[in-house]
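Comments concern the structure below.
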Amino acid sequence: MSKNQSTQELLPLTPPVFHILLALAGEERHGYGIMQDVAQQTDGALQLGPGTLYGCLKRMVAAGLVEESGERPDPELDDERRRYYRMTPLGKRIVRAEAQRLAGAVTVAMARLAGENA
Amino acid sequence: MTSESALIGSVCRLYSFLLYAYPPDFRRQYGRPMEQLFRDRCRDLARSSDRGRLLRFAAHVMADWLGTTVRERASAIWSAGRSSGKRSSVTEWAVTLLIYLFATTTLVQAYVVPTGSMEGNLLVGDHMLVDRMAYADPGPIGRHILPYRDVERGDIIAFLYPEDIRQTYVKRVIGLPGDRIRLENGQLIRNGCRLAEHYTQHLANHSYVATENFPIAPDGYTTPRGRDMFEHHVRDGELIVPPGMLFALGDNRDNSADSRAWGFVPRSYVVGKPLLVYWSYDAPTEELQQWSLDHIIDVSQHFFTRTRWKRTLLVPRSQRAEPAGGAL
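So this is what it looks like as structure tokens:
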């Protein structure tokens, strides 16, 4: 996939990809940090296994949504070196577009369902 | 702490072995961080020391592994097909299959419920996975991290049928070694205590074995092992479970050939613990025991209508009998 393709082609995002991007929105994280943050975002509903997480990251790196930002130890865990990931500008655009798309869908849903109850 | 880290080390080595099922490129690139993530998670769970969470994590990692190895293999073949340098994908698939075989034969086993003896909790046609590690003693070290415990009263177990070990049966454990067992008008009396069993069903309108009262004199349905049980292990109208044996009954009490008819289950015949129902299909007993062409056609025609979707991923649970009334 080229890095210049329009944002529309990548939407909608799958739930794991969307939540991984959200996990990286504020800061760089390593794999386990992403897994914990995604579980927190979704109240434990979405638990990413190692295969799912790194499979997604592989595809997201290929699509230019995230990039590796080197290896270093996590001061909060121990002195083992962990591979960190950060979001690219394209990733930021995509996650914003996806959030807007979802917000639009929620607005429509609220309006329809409210009408149904009345 | 040292024994715990040695333990986590051995589980992590098992996981790094499972990583060989991924395509080599993927493993080279992500194998190390995946191991790291797995190790981090294990350490966190070891700190919480909650066996349930550990078991869920193990099941989750297995499911994740099964799904993503296939996905990454397929994607590797797809990209190899497009690029020129196509490597021997046959050997790679063979490696994956071998590892699958190892995992499925030592860790879990697929099993289908062929008869209605556990009806109410397990239906005819429930296809389930049996956790073979549950009751297998993992040794002094493994015992701390693997969710191991010995068989308890009320557990549902899968075991080799003592009269014909080619068959696997599923029943509920009623008596452990040393227990005194009696049935009076269908009610269980264990070690002198009347028990209410909420898991039992009385669905049949006829009695298959002389089921209401036990132990009584052997009847026509009793096998040689059953007769041996009646002759040697009944004292003062009660059955006494000998060492190394279990007394197991079906939940569907009136229509179950169980320990009442064919005697005790040797502890060493226990295969494991039913883990979850992965597919439940409404079909008669004979068709489930042997796959015939008719059955394949039947499944392909009625897969969606006769699959009991509500039972998919159902977890059969252990249930304890509770005291009812006073002691005798």
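Taken in order, these protein sequences are the chains called C and Y.
Here the first sequence stands for residues 1 to 118, numbered as in this note's numbering.
Here the second sequence stands for residues 1001 to 1328, numbered as in this note's numbering.
C-beta atoms are modelled at their ideal positions from N, C-alpha and C, and glycine is treated no differently.
Looking at chain Y, is there any beta carbon in it that lies within less than 8 Å of the beta carbon of residue i?
i: P50/C; result: yes
i: G55/C; result: yes
i: R101/C; result: no
Just checking: is the beta-carbon of residue i within a distance shorter than 8 Å of some beta-carbon in chain C?
i: W1078/Y; result: no
i: R1027/Y; result: no
i: W1093/Y; result: no
i: T1096/Y; result: no
i: R1357/Y; result: The structure shown has nothing for residue 1357/Y, since chain Y only spans 1001 to 1328.
i: D1064/Y; result: yes
i: T1222/Y; result: no
i: Y1111/Y; result: no
i: Y1030/Y; result: yes
i: T1115/Y; result: no
i: T1307/Y; result: no
i: T1168/Y; result: no
i: T1068/Y; result: yes
i: S1016/Y; result: no
i: K1086/Y; result: Legend: pLDDT at K1086/Y = 48, less than 50; position of this residue unreliable, value from coordinates given subsequently. No, its Cβ sits nowhere closer than 8 Å to a Cβ of chain C.
i: V1209/Y; result: In this predicted model, V1209/Y has a pLDDT of only 49, less than 50, meaning its place in the structure is not dependable; the value taken from the coordinates is given anyway. Chain C, which has no Cβ nearer than 8 Å to the Cβ of V1209/Y, makes this no.
i: L1328/Y; result: Model confidence at L1328/Y stands at a pLDDT of 46, short of 50, so the residue's coordinates are unreliable; what they give is reported in the following sentence. No, no contact with chain C.
Provide the residue(s) that pair with residue i in DSSP beta bridges, ordered along the chain.
i: A1248/Y; result: V1173/Y
i: Q1201/Y; result: N1252/Y
i: S1280/Y; result: D1126/Y
i: T1307/Y; result: Y1281/Y
i: P1274/Y; result: V1130/Y
i: T1115/Y; result: T1115/Y pairs with nothing; no bridge assigned.
i: I1240/Y; result: R1180/Y
i: P73/C; result: R81/C
i: F1214/Y; result: L1183/Y
i: V1151/Y; result: None, per the DSSP bridge assignment.
i: A1110/Y; result: L1129/Y
i: P1266/Y; result: M1245/Y
i: L21/C; result: Note: L21/C sits in no beta bridge, so no partner.
i: I1189/Y; result: R1182/Y and R1194/Y
i: T14/C; result: Answer by DSSP bridge pairing: none, since T14/C is not bridged.
i: V106/C; result: Bridge partners of V106/C: none, in fact.
i: E28/C; result: In DSSP, E28/C forms no bridge with anything.
In the DSSP assignment, find the beta strand (DSSP E) that holds residue i and state where it starts and stops.
i: F1159/Y; result: I1156 to L1160
i: E80/C; result: Element bounds for E80/C: n/a, residue is neither H nor E.
i: A1196/Y; result: C1193 to A1196
i: Q40/C; result: Counting along the chain, Q40/C falls outside any beta strand (DSSP E), though it belongs to the alpha helix (DSSP H) covering G31 to Q41.
Hey, would you say the C-beta of residue i is under 7 Å away from at least one heavy atom of the ligand GTP?
i: Q1036/Y; result: The ligand GTP is not among the ligands present in this structure, which contains no ligands whatsoever.
May I ask which residues mark the beginning and end of the alpha helix (DSSP H) holding residue i?
i: E9/C; result: T7 to L10
i: H1232/Y; result: P1224 to H1232
i: T1312/Y; result: Note, T1312/Y: premise wrong, no alpha helix (DSSP H); not H, not E.
i: R59/C; result: P50 to A62
| Just by C-beta distance, which residues in the segment 63-92 of chain C are closer than 8 Å to chain Y? | Within the segment 63-92 of chain C, the residues whose Cβ lies closer than 8 Å to some Cβ of chain Y are L77, E80, R82 and R83, listed in chain order.
| message | Taking beta-carbon pairs under 7 Å, can you tell me which members of the segment 21-51 of chain C lie near chain Y? | response | For the segment 21-51 of chain C, the set of residues with a beta-carbon nearer than 7 Å to any beta-carbon of chain Y comprises G31, Y32, M35, Q47, G49, P50 and G51, in chain order.
| Along the segment 1032-1061 of chain Y, what residues have a CB closer than 9 Å to any CB found in chain C? | Cβ contacts with chain C: R1032, P1033, M1034, E1035, Q1036, L1037, F1038, R1039, D1040, R1041, R1043, D1044, R1056, F1057, H1060 and V1061.
| field | Within the segment 1008-1087 of chain Y, ranges of the alpha helix (DSSP H) (whole runs, at least 4 residues) | value | Taken in chain order, the complete alpha helix (DSSP H) segments of 4 residues or longer contained in the segment 1008-1087 of chain Y are 1024-1048 and 1051-1082.
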